[in-house]
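Chemist:
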DNA sequence: GGGCCACGTGGACGACATCGACCGGGCGAT
DNA sequence: ATCGCCCGGTCGATGTCGTCCACGTGGCCC
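Chains as they are written, first to last, in our numbering: chain A, 484 to 629; chain B, 484 to 629.
(1) Apart from the five residues on each side of it in sequence, which residues of its chain come closer than 8 Å, Cβ to Cβ, to residue 568 of chain A?
(2) According to the neighbour-count rule (16 or more other Cβ atoms, all chains shown, within 10 Å of its Cβ), is residue 581 of chain A buried or exposed?
(3) Tell me, please, whether the segment 493-500 of chain B touches the segment 532-545 of chain A by the rule of three or more beta-carbon pairs shorter than 8 Å.
(4) Could you work out which residue in B/518, B/550, B/592 and B/599 is closest to residue 543 of chain B when comparing CA atoms only?
(5) Just checking my contact of residue 562 of chain B with residue 607 of chain B at CB under 8 Å: how many whole Å lie between their CB atoms?
(6) Please report how far the alpha carbon of residue 613 of chain B lies from the alpha carbon of residue 539 of chain A, in whole angstroms.
(7) Of all the options B/576, B/527, B/587 and B/487, which has the alpha carbon lying nearest to the alpha carbon of residue 509 of chain B?
(8) Can you list the residues of chain B that residue 500 of chain A reaches, using a CB-CB cut of under 8 Å?
(9) Between residue 595 of chain A and chain B, is any beta-carbon pair separated by less than 8 Å?
(10) Can you find the residues in the same chain that come closer than 6 Å, C-beta to C-beta, to residue 629 of chain B, ignoring five residues on each side of it along the sequence?
(11) Compare the C-alpha of residue 619 of chain B against each of A/492, A/501, A/576 and A/527 and name the closest.
(12) Taking CB distances under 8 Å as the criterion, tell me whether residue 619 of chain B reaches chain A.
(13) At which residues does the alpha helix (DSSP H) containing residue 521 of chain B begin and terminate?
(14) Please list, in chain order, all residues of the same chain as residue 504 of chain B whose beta carbon is under 6 Å from its beta carbon, the five residues on each side excluded.
(15) At the level of alpha carbons, what is the spacing between residue 616 of chain A and residue 507 of chain A?
(16) When the cut-off is 8 Å and only beta carbons count, does residue 507 of chain A lie next to chain B?
(17) Candidates A/589, A/560 and A/594: which alpha carbon is nearest residue 609 of chain A's?
(18) In the DSSP assignment, the beta strand (DSSP E) including residue 563 of chain A goes from what residue to what residue?
(19) Could you tell me the distance, in whole angstroms, from the CA atom of residue 579 of chain B to the CA atom of residue 512 of chain A?
(20) How many Å lie between residue 571 of chain B and residue 572 of chain A at the Cα?
(21) Could you tell me whether the Cβ atoms of residue 586 of chain A and residue 547 of chain A are closer together than 8 Å?
(22) Note down, in chain order, every chain A residue with its Cβ under 8 Å from the Cβ of residue 613 of chain B.
Below, the structure is given as structure tokens:
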């Protein structure tokens, strides 16, 4: 992991499908070398090139963060929630909540159903705080080293 | 936006650099048609192909969600916070907090500094709740239509 | 110095992206 | 119904690109 690797990640940030022939020169390498480096980064799971969709553009109008309190092992709850396709992001936290989940639903009613019919009934869940939101202000995929 | 588009997005989910020659057949189209569709999706900003890095693998050990309370327009605060590279994700919410930010720092001390020296002093910020986390349980980039 | 390893380079080959020409179904107007 | 149009697909030609391998070079340890 050196400056060149970081330069590669930076380029992938703006265009994940960039050709090696373009990527190489941009980071000061030949195309082959750039390919080898990117391959190494992909193999070691440091980076992952994926298509990220905009929920709004997909007709998803109801998104929320859920702060979930759990009695017992939050990981068990997380494992159950991970099965639901509405759950797109989940972290185990310290602080007032044990688990944070980000959910994307089609309609507000779907969100309500999800929270009440799916999340609350899960064994060990003692409380759910719902923070609906209506748009993403910032979304960066590169966690660059300062 | 039809089943084929969704199939394309699903493929991009597992490999954003998939060749059109492979993508086409996988979604039941010729390579050219697949290319045209993906190009349309990219142009219309429905999807974005990017390299997503793993913060842990980049040596980032201190991550947190910040629940921020604001007196005034939360968007102004969000605009200021968006300048910081540690802030990777931000949504404006309803509920107990006005703004949620996800931050990625190198060291726990950096996180403390960020919250106390950067976030709290911002005009209008009346409170910050910090939820540190130590790993991502689930991360999906495709919010598919059920 | 000698051997080794990691990494970058250059080239050859085959696969692929790209673009234009052609084609067919759906649809509205006449 | 039929004509014309448009959207979206296939097909094919051409040049570019990904892929692989052999080679060169610098650092490092013994």
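The beta carbon of each residue, even a glycine, is placed where N, CA and C say it ideally should be.
Modeler: Based on what the coordinates show:
(1) So no residue of the chain qualifies.
(2) With 16 or more other Cβ atoms within 10 Å, it is buried.
(3) Cβ pair count under 8 Å is three or more, so yes.
(4) Nearest option by C-alpha distance: B/592.
(5) Their Cβ separation, rounded to whole angstroms, is 11 Å, which puts residue 562 of chain B and residue 607 of chain B out of contact at 8 Å.
(6) A straight line joining the alpha-carbon of residue 613 of chain B with that of residue 539 of chain A spans about 28 Å.
(7) Closest by alpha carbon: B/487.
(8) Simply 499, 500 and 532.
(9) Not an interface residue.
(10) Only weak support exists for where residue 629 of chain B lies, its pLDDT of 37 falling under 50; the value from the coordinates is given anyway. Contacts found: none.
(11) The option with the nearest alpha carbon to residue 619 of chain B is A/576.
(12) Yes - at least one Cβ of chain A is within 8 Å of the one on residue 619 of chain B.
(13) Here the alpha helix (DSSP H) through residue 521 of chain B covers 514-526.
(14) Around residue 504 of chain B: 514.
(15) The alpha-carbon of residue 616 of chain A is positioned some 40 Å away from that of residue 507 of chain A.
(16) Output row for residue 507 of chain A: interface = no.
(17) Minimum Cα distance to residue 609 of chain A is reached at A/560.
(18) Residue 563 of chain A -> not in any beta strand (DSSP E); alpha helix (DSSP H) instead, spanning 557-565.
(19) If you take the alpha carbons of residue 579 of chain B and residue 512 of chain A, they lie about 50 Å apart.
(20) Distance from the CA of residue 571 of chain B to the CA of residue 572 of chain A, rounded to the nearest whole angstrom, comes to 14 Å.
(21) Yes. Within cutoff.
(22) Result: 578.
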